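What follows is a single structure, written as structure tokens, with notes after it.
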Amino acid sequence: MPTFSEREHAVLWLVADAKCNKEIARMLGVKERTIEFHLTNIFKKLGLGSRMEAALWLKRQERREKQE
Numbered sequence: 001m002p003t004f005s006e007r008e009h010a011v012l013w014l015v016a017d018a019k020c021n022k023e024i025a026r027m028l029g030v031k032e033r034t035i036e037f038h039l040t041n042i043f044k045k046l047g048l049g050s051r052m053e054a055a056l057w058l059k060r061q062e063r064r065e066k067q068e
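Per this note's numbering, the very first residue in the sequence shown carries number 1; after that it's consecutive.
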């Protein structure tokens with residue numbers, strides 16, 4: 001499992017909660033470009049190319065943890 005920074009982890013959860021970059025930036029008190037930077041890093045770490053894939057990955061991880 002990839003290792004995420006605290007901020008990447010927060011961004012990933014907010015993406016999975018269907019928040020757009022502008023909303024995430026406002027919620028975290030950063031610029032929208034910063035969110036784009038974090039998403040690029042998240043996608044690279046996961047080997048994925050979209051927000052939907054990242055959100056689905058997170059939901060699968062959640063289910064696996066509950067089963068353990």
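Every residue, glycine too, gets a C-beta built ideally from N, C-alpha and C. Everything numeric in this text was worked out from a predicted model, so none of it was measured.
query	result
Neighbourhood of Asn41 by C-beta, 7 Å cutoff - its chain only, sequence neighbours within 5 removed	Glu8
Nonlocal neighbours in the same chain, by C-beta distance under 7 Å from Ala55, ignoring five residues either side	Val15 and Ala16
Runs of beta strand (DSSP E) lying entirely within the segment 13-56, each at least 3 residues, in chain order	none
Spatial distance of Gln61 from Glu36 (CA atoms)	23 Å
Sub-9 Å separation of Lys21 and Glu32 beta-carbons	First, the residue type needs correcting, since residue 21 is Asn and not Lys in the sequence shown. Closer than 9 Å, so yes.
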